[in-house]
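Visitor:
Numbering (the UniProt record's numbering), first residue to last: 1 to 263.
1) Considering only DSSP beta bridges, list what residue 192 is partnered with.
2) Based on DSSP bridge pairs, tell me the residues matched to residue 64.
3) Report buried or exposed for residue 252, applying the criterion of at least 16 other Cβ atoms within 10 angstroms of its Cβ.
4) Check whether the region 55–70 and the region 119–126 touch, using three or more Cβ-Cβ pairs below 8 Å as the test.
5) Rounded to whole angstroms, what is the Cα-Cα separation between residue 88 and residue 103?
6) Who are the Cβ neighbours of residue 166 in its own chain at under 6 Å, not counting the five residues just before and after it?
7) Rounded to the nearest angstrom, what separates residue 205 and residue 220 at their Cα positions?
8) Specify the secondary structure class of residue 88 as computed by DSSP and reduced to three states.
9) Please report how far the alpha carbon of residue 31 lies from the alpha carbon of residue 125, in whole angstroms.
10) Determine the closest residue to residue 170 out of 195, 246, 248, 153, with distance taken between C-alpha atoms.
11) Between 109, 80, 133, 84, which has its C-alpha nearest residue 100's C-alpha?
12) CA-CA distance, residue 153 and residue 98?
13) For residue 211, which residues from the same chain have a beta carbon less than 7 Å from its beta carbon, with the 5 sequence-adjacent residues on both sides left out?
14) Tell me whether residue 171 sits in a helix, a strand or coil according to DSSP, three-state version.
15) Under a three-way DSSP split, which group does residue 110 fall into?
16) I need the straight-line Cα distance from residue 227 to residue 208, nearest angstrom please.
17) Residues bridged to residue 103 by DSSP?
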């Protein structure tokens, strides 16, 4: 069957599918097949529209995807022209047995969230190694266009050399793998830019309730964490922190893990 006929069949069966979805589905199918790494690469490049979907790096069982437009947007964030934070997160991929790690931002010009870069890897793929690989690979792509773009906007290119994607803040889950991977790629100083959003903090609190046997201790832990987050003064925050330390030491089944989470 010719390539044109294959595409006609796809559109006939799924009339609302977009070109980007066709590209993504084709790459995923190749990744999940028995094809060799080179064959998967060939498929990826064949279906890659570099403006809207660009292969950044591929291994035997993973792929990192972005696009020219998204790389440019990342450079504009570094230059401060698009002053938006960047979210770092992991989720279950639509591809079976795969996880997706991604960095997203809000683009005011089109008033929507944009996925700057994503990495598909076998489950469990949300680990520091994969995060570091994705961040470093994306930084390399951004650095290739950053000097020229800086000059176009009246900046000294040397001031932005090697900075890659450098937003004023990173937002996301407090999961150790995400922050650890980010630090591996960007250095420990990036911790000064990391912010955990309320949704993910509450989600993490819920996940850590399992380290208390009694329901009353779980309820107390959840309340104390909320008090610490919502404390209007540093004194009240310290009171909540001391109560948390006491509860963890006396009631937690994994003191070390809970103490690290509280920090």
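Even glycine gets a Cβ: it sits at the ideal position worked out from N, Cα and C.
Guide: Concretely, from the data shown:
1) In the chain shown, counting from the first residue as 1, residue 192 sits at position 192. DSSP output for residue 192 lists no bridge partner at all.
2) Residue 64 sits at position 64 when you count from the first residue of the chain shown. DSSP lists 57, 119 as partners of residue 64.
3) The sequence position of residue 252 within the chain shown is 252, counting from 1. It counts as buried.
4) Cβ pair count under 8 Å is three or more, so yes.
5) The residue labelled residue 88 in the question sits at position 88 within the chain shown. The residue labelled residue 103 in the question sits at position 103 within the chain shown. Approximately 5 Å, taken between the alpha carbons.
6) Counting from 1 along the chain shown, the entry for residue 166 is found at position 166. 78, listed in sequence order.
7) Looking up residue 205 in the chain shown gives position 205. Looking up residue 220 in the chain shown gives position 220. Each residue's alpha carbon lies about 12 Å from the other.
8) Taking the first residue of the chain shown as position 1, residue 88 is located at position 88. Three-state DSSP puts residue 88 in a strand.
9) In the chain shown, residue 31 corresponds to position 31, counting from 1. In the chain shown, residue 125 corresponds to position 125, counting from 1. Cα-Cα distance, rounded: 15 Å.
10) Position 170 of the chain shown holds residue 170. Of the candidates 195, 246, 248, 153, the one whose C-alpha sits nearest the C-alpha of residue 170 is 195.
11) On the chain shown, position 100 is the one that residue 100 refers to. For residue 100, the closest of 109, 80, 133, 84 by C-alpha to C-alpha distance is 133.
12) The residue labelled residue 153 in the question sits at position 153 within the chain shown. The residue labelled residue 98 in the question sits at position 98 within the chain shown. Cα to Cα, residue 153 sits roughly 40 Å from residue 98.
13) Walking along the chain shown from the start, residue 211 turns up at place 211. Only 252, 253, 254, 257, 258 meet the Cβ criterion.
14) As a position in the chain shown, residue 171 is number 171, starting the count at 1. Note: residue 171 maps to strand in three-state DSSP.
15) Along the chain shown, read from residue 1 onward, the residue named residue 110 stands at position 110. Correct three-state label for residue 110: coil.
16) Against the chain shown, residue 227 aligns to sequence position 227. Against the chain shown, residue 208 aligns to sequence position 208. Distance between the alpha carbons of residue 227 and residue 208 is about 16 Å.
17) What you label residue 103 is simply residue 103 of the chain shown in a count that begins at 1. The partner list for residue 103 (beta bridge, DSSP) reads 88, 117.
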